[in-house]
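*Asks:*
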Amino acid sequence: MNDDILNAIEKKLGVSRRSFLQLCAAMAATMGLPKGAEAAIAQAIASPQRPPVIWLHFQECTGCTETLLRAEHPTLDKLILDIISLDYHETLFAAAGHQIEAARKASMTANKGKYLLVVEGATPMKDGGIYCKIGGQTAHDLLVECAADAAAIVAIGSCAAWGGMPSTSPNPTGSTGVPVLIKDKPVVTIPGCPPNPYNFLSTVVHFLTFKKLPDLDDKGRPKFAYGRLVHENCERRAHFDAGRFAQEFGDEGHRKGYCLYKLGCKGPETYANCPSILFGDVGSGSWPVGTGHPCIGCTEQGVGFQKPIHALAEVKSVVPPASYPRIVEEQGEGMTFGSAAALAGIAGLAAGAGATIARNLGKGGRDDHSAGKE
Ligand code: FSX
Ligand code: SF4
Ligand code: F3S
Numbered sequence: 087m088n089d090d091i092l093n094a095i096e097k098k099l100g101v102s103r104r105s106f107l108q109l110c111a112a113m114a115a116t117m118g119l120p121k122g123a124e125a126a127i128a129q130a131i132a133s134p135q136r137p138p139v140i141w142l143h144f145q146e147c148t149g150c151t152e153t154l155l156r157a158e159h160p161t162l163d164k165l166i167l168d169i170i171s172l173d174y175h176e177t178l179f180a181a182a183g184h185q186i187e188a189a190r191k192a193s194m195t196a197n198k199g200k201y202l203l204v205v206e207g208a209t210p211m212k213d214g215g216i217y218c219k220i221g222g223q224t225a226h227d228l229l230v231e232c233a234a235d236a237a238a239i240v241a242i243g244s245c246a247a248w249g250g251m252p253s254t255s256p257n258p259t260g261s262t263g264v265p266v267l268i269k270d271k272p273v274v275t276i277p278g279c280p281p282n283p284y285n286f287l288s289t290v291v292h293f294l295t296f297k298k299l300p301d302l303d304d305k306g307r308p309k310f311a312y313g314r315l316v317h318e319n320c321e322r323r324a325h326f327d328a329g330r331f332a333q334e335f336g337d338e339g340h341r342k343g344y345c346l347y348k349l350g351c352k353g354p355e356t357y358a359n360c361p362s363i364l365f366g367d368v369g370s371g372s373w374p375v376g377t378g379h380p381c382i383g384c385t386e387q388g389v390g391f392q393k394p395i396h397a398l399a400e401v402k403s404v405v406p407p408a409s410y411p412r413i414v415e416e417q418g419e420g421m422t423f424g425s426a427a428a429l430a431g432i433a434g435l436a437a438g439a440g441a442t443i444a445r446n447l448g449k450g451g452r453d454d455h456s457a458g459k460e
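Count along the sequence shown from 1, add 86, and you get the number used in this note's numbering.
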């Protein structure tokens, strides 16, 4: 890679060449891009042009922003100050009131058709949308106003993607997600409660590098992040296939790191890359199942916040994992962000796996009669 680019990066981000190249390679691999794409990514990040970003907050817990603040590759302050131009963000801005609203309007006028709109939180539609107002405007009015001249929209978190937690039945405020409300603009959704910050960072970097959004599935999710079930890359998958299940929290199977299916794990019907890229940069095991808690399906509309925790997941696919991790050592060993590459590209399918799995689901436990059903 060009030395000038690397020098510029070292200066701009204050990170070593080695870490920066590792980051670019990991992002390229996470997005399933061909070899050599890391050079284009590096060039885009080094560019002095920073895409303007307007970031709205509606009905949510601010976990999406919090999770970004915990990202280390690069840290959010680097992302904000050096890669994007964050022109409006209610939580992170020191300014408030008229001052911040004026900043938003000025940026939208100056960057008409060019800014990225990020929406965090659900939009309440009941009773004229009165349940969430900012600066005297309803969330819906603000969304429509800001979406009109945006180049593209990123709905970050399950709340913005499809209503998430605020839309939980009986959905008293009529909350819904951006794709339902904005139909004339490209909308990418990054569900998760909170979403994985790297899926957001990779999407922004893709936009920056290629001036377009990554390939999306029918729910607007980047395929690189939501193309596979949690269950396909779970470190406990070998236990599932072998019929070894925790039956209760704290029992021997749970302590040994057995599969959490019978405790209500929704990994078999939830599309997300959590087990591959992990959370919080704190090493292996840093994802729900890695810590011993069943996946609640937080990225999946109709599962997260809808289906009871104890209900058994529908086993959507019998595709076995790309590779089986060793299960003889310490529980919770997951893969790192850097090694997501290998997994992103490998598709594993073993004939006859379906029959094996179906058989093992029925093995040895008090829930035998109900395994595999709701
Ligand atoms: Fe919270 Fe974001 Fe959940 Fe929602 O994340 S982590 S309630 S998806 O909008 O702030
Ligand atoms: Fe992992 Fe859950 Fe699948 Fe078990 S059911 S292998 S814990 S994702
Ligand atoms: Fe959510 Fe399940 Fe991942 S609960 S964070 S989709 S493991």
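Even glycine gets a Cβ: it sits at the ideal position worked out from N, Cα and C.
Considering GLU206, what are the terminal residues of the beta strand (DSSP E) in which it resides?
*Replies:* Taken as a continuous stretch (DSSP letters only), the beta strand (DSSP E) holding GLU206 covers 201-206.
*Asks:* Tell me, please, which residues DSSP counts as bridged to THR461.
*Replies:* Look at the range of the chain in this structure, 87 to 460, and you will see that residue 461 is not part of it.
*Asks:* Buried or exposed: where does ILE215 fall if 16 or more other Cβ atoms within 10 Å of its Cβ makes it buried?
*Replies:* The question names Ile, but residue 215 in the sequence shown is Gly. Answer is buried; the Cβ neighbour count reaches 16.
*Asks:* Residues in its own chain within less than 6 Å of THR151 by CB, not counting five upstream and five downstream?
*Replies:* These residues qualify, in order along the chain: THR177.
*Asks:* Who are the Cβ neighbours of ALA94 in its own chain at under 6 Å, not counting the five residues just before and after it?
*Replies:* ALA132.
*Asks:* Between ILE276, ALA237 and LYS269, which lies nearest to ALA247 when the distance is taken from Cα to Cα?
*Replies:* Nearest C-alpha to ALA247: ILE276.
*Asks:* SER76: buried (16+ other C-beta within 10 angstroms of its C-beta) or exposed?
*Replies:* In the structure displayed, the chain extends from 87 to 460; residue 76 sits before or after that span and is not available.
*Asks:* What separation, rounded to the nearest whole angstrom, lies between the Cα atoms of ILE186 and PHE179?
*Replies:* Cα to Cα, the separation comes out at about 8 Å.
*Asks:* To the nearest angstrom, how far is the alpha carbon of VAL264 from that of LEU92?
*Replies:* Cα to Cα, the separation comes out at about 38 Å.
*Asks:* Can you list, in chain order, the residues of its chain whose CB lies under 7 Å from that of ASP168, leaving out five sequence neighbours each side?
*Replies:* Excluding residues within five positions, the ones whose Cβ falls inside 7 Å are LYS98 and LEU99.
*Asks:* Using the beta-carbon count (16 or more within 10 Å), is THR224 buried or exposed?
*Replies:* Result: buried.
*Asks:* Is the region 328-344 close to the region 352-360, with three or more CB pairs under 8 Å?
*Replies:* No, because fewer than three Cβ pairs between the region 328-344 and the region 352-360 fall closer than 8 Å, the two stretches do not touch.
*Asks:* Straight-line CA distance for ASP90 to SER255?
*Replies:* One C-alpha to the other measures close to 55 Å.
*Asks:* On the criterion of 16 or more Cβ atoms from any shown chain inside 10 Å, does PHE335 qualify as buried, or is it exposed?
*Replies:* By the 10 Å Cβ count, PHE335 comes out exposed.
*Asks:* Who are the near neighbours of SER171 in its chain, counting only those whose CB is closer than 6 Å to its CB and skipping five residues on each side?
*Replies:* Closer than 6 Å at Cβ, skipping near neighbours: ARG136 and PRO138.
*Asks:* Leaving out five residues before and five after TYR217 in sequence, what residues of the same chain have Cβ atoms less than 6 Å from its Cβ?
*Replies:* Same-chain partners within the cutoff: PRO210 and THR259.
*Asks:* Using 8 Å as the threshold, is the region 271-288 in touch with the region 232-249, meaning 3 or more CB pairs across them?
*Replies:* Yes, the region 271-288 touches the region 232-249.
*Asks:* Straight-line CA distance for HIS379 to ASN319?
*Replies:* Going from the Cα of HIS379 to the Cα of ASN319 covers about 16 Å.
*Asks:* Please list the terminal residues of the continuous alpha helix (DSSP H) segment that includes TYR357.
*Replies:* Careful: TYR357 lies outside any alpha helix (DSSP H) and carries neither H nor E.
*Asks:* How would you write the range of the alpha helix (DSSP H) that ILE242 sits in, first residue to last?
*Replies:* That residue, ILE242, is in no alpha helix (DSSP H); its beta strand (DSSP E) goes 236-242.
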